[in-house]
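In the numbering used here, the protein residues as written are 213 to 283. Beta carbons: idealized from backbone N, C-alpha and C, even for Gly.
Listed below in structure tokens is the structure:
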């Protein structure tokens with residue numbers, strides 16, 4: 213979770229939130245063994261798949277806090 217903010221009314225009033233994710237998986241764990249190199253060899257398609265996700269979501273503008281309200 214990268215955090216979120218309510219927006220900047222003068223430039224872009226929309227609320228935003230974002231996250232990052234990084235991970236890996238082995239194709240063979242899902243039965244995808246075609247092309248995976250035999251033990252002791254390096255010819256073939258790699259078994260390990262690494263991935264990264266960067267996402268940001270934009271929502272409607274949030275209402276301005278009431279005058280004198282403290283957060």
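Span of the beta strand (DSSP E), counted from its first residue to its last, around residue i
i, result
"residue 265", "260 to 273"
Residue closest to residue i, alpha-carbon to alpha-carbon, out of the options
i, options, result
"residue 247", "224, 257 and 261", "257"
"residue 262", "235, 244 and 215", "235"
"residue 214", "267, 230, 253 and 254", "230"
Beta-bridge partners of residue i, as assigned by DSSP
i, result
"residue 236", "262"
"residue 229", "216 and 269"
Same chain, Cβ closer than 8 Å to residue i, five either side skipped, listed in chain order
i, result
"residue 238", "259, 260 and 261"
Residue i (DSSP reduced to helix, strand or coil)
i, result
"residue 242", "helix"
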